[in-house]
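Residues 3 to 415 in this note's numbering are what the sequence shown lists, from first letter to last. By construction, the Cβ of each residue, glycine as well, lies at the ideal position given by its N, Cα and C atoms. Just so we're clear, the structure is a prediction, and the values are computed from it rather than from any experiment. Each remark here refers to the structure printed beneath this line.
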Amino acid sequence: MSTAPPLYQQPDPSGHFGPYGGSFVSETLTHALAELRSAYAHYQHDPEFLREFHYELAHFVGRPSPIYHAARSSRELGGAQIFLKREDLNHTGAHKINNVIGQAMLARRMGKPRIIAETGAGQHGVATATICARYGLECVVYMGAEDLKRQMPNVYRMKLLGATVVPVTSGSQTLKDALNEAMRDWVTNVERTFYIIGTVAGPHPYPMMVRDFQRVIGEECLQQMPALLAELGLPGNGAELQPDVVLACVGGGSNAMGIFHPYLEHPQTRLIGVEAAGDGLESGRHSASLQKGLPGVLHGNRTYVLQDEDGQIVETHSVSAGLDYPGVGPEHAWLKDSGRAEYVGVTDEQALAAFHRLCRREGIIPALESSHALAYAFALAPTMRADQSILVNLSGRGDKDLGTVAELAGVTV
Ligand SMILES: *Cc1c(COP(=O)(O)O)cnc(C)c1O
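In structure tokens form, the structure reads like this:
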């Protein structure tokens, strides 16, 4: 018998999920991370902190987000019933705001008046700028110069909200370069600065802390699904009134960890993470770290990383900027090795087809990231029975992607 703690009790006190996670940072940041760990250890159980967090989620974000039965798509596909957890209806249009509120609340309590963040597509930057405006905190967002050009509306949003957006011109001028620049800023200004990381990556305690703030997604689903399944006369997963499958897209992995984590203790529910297969898993142009990467250290933790034979980080590709990241949260690496979660790939083309299907069949314009999870659900549903169910985390809305979709369709908007 194994004496390892159950999956849902990970990480260990040093931030390890099995062989993954941990904290690989320079001397200067060791102290800052220790300070953050002790603040979080205190506030994560503080009733006043939790009360304020849930107040903000209810009144500023608009939680709980509903679960919607995609009846028309389910009927047409002729298999399992597809349900959508509507994170796209949150204020600022995605799940990212949940985590940003939690971290900004910690920053205030730790007396840090200055917030820094990195952003790829701009969604995490917008969520961070939003909370900084609300709390009166100074906000600096690092963004690769290439990404900046592609995401002008989000850059302007951040500026409207009072943030300073710093273009990063080193390396490939994308997300991983923005991450390096944010780390450098943190080292230099650590006394008065809080670094808000946007996904379940980074050094301990970030992967655990971001997961905890995003857990609200799965906790709500556990509450909401029984009534929805009962109403449709569906039997649930065989053991309880919960879905047979929970599906989410995986970039860094925060929306997936948020919906997966409360389900780890419900073994009859299959958990499937969908990575961006770009032009195809064999094309070399994708962002499928868990399926095509190797263990290595990136962004302060050990995880699966897309790297060449010399350990150099390779360029990634996805039609959705939010999935375009060469690493993945360490807890996903552990869930993959343990077999509790499965990880699959969906190409740009399949994601785009799912995007259009949801628009036309359900009247919902999804984010291109979320469209990866939808595409897999649409393929899986016909292989299942009509009394089975799939719950998809619809992580965000597609407004930000209209330009990309129009360009690919050769349309000028
Ligand atoms: C940022 C983003 C993602 C990817 O990030 P995760 O940490 O993997 O969740 C997915 N969907 C949307 C809508 C996003 O904005």
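As summarised for the segment 173-205, the continuous alpha helix (DSSP H) elements at least 4 residues long and confined to that stretch are 177-190, given in chain order. If only uninterrupted beta strand (DSSP E) runs of at least 3 residues are considered, those enclosed by the segment 45-90 are 69-71 and 83-88.
Take the alpha-carbon of V212 and the one of T414: they are about 38 Å apart. Residue pairing by DSSP puts F19 in a beta bridge opposite Y22. Under the Cβ criterion (8 Å, minimum of three pairs), the segment 367-376 does not count as touching the segment 284-304.
For R342, there is no enclosing alpha helix (DSSP H), as DSSP marks it with neither H nor E. For Y306, the enclosing beta strand (DSSP E) stretches over residues N303 to V307. Within its own chain, the residues whose Cβ lies closer than 6 Å to the Cβ of F196, once the five positions on either side in sequence are excluded, are A109, K114 and I117, listed in chain order. Sequence-distant Cβ neighbours of Q226 in its own chain, meaning closer than 6 Å and more than five residues away, are I69. Listed in chain order, the alpha helix (DSSP H) runs fully inside the segment 224-286 are 256-262, counting runs of at least 4 residues. By the beta-carbon neighbour count (other beta carbons within 10 angstroms, threshold 16), H56 is exposed. In the same chain as R39, and ignoring 5 residues on each side of it, the C-beta atoms closer than 6 Å to its own belong to P207, in chain order.
For P169, the enclosing beta strand (DSSP E) stretches over residues T166 to V170. Going by C-alpha positions, G282 is about 23 Å away from G400. By DSSP's assignment, G127 forms no beta bridge with any residue. Inter-residue distance for T130 and R387 is about 42 Å (C-alpha atoms, whole angstroms). Cβ neighbours of H97 within its own chain (closer than 6 Å, five residues either side excluded): E89, N257 and S397. Distance from the CA of L59 to the CA of E311, rounded to the nearest whole angstrom, comes to 45 Å. Beta-bridge partners of P368 (DSSP): R399. With the rule of 3 Cβ pairs closer than 8 Å, the segment 249-264 counts as touching the segment 324-335. P264 is the residue among P237, E183, P264 and V167 whose C-alpha sits nearest the C-alpha of F215. Its Cα nearest to that of R136, the residue A106 stands out among K161, A106, Q153 and M112.
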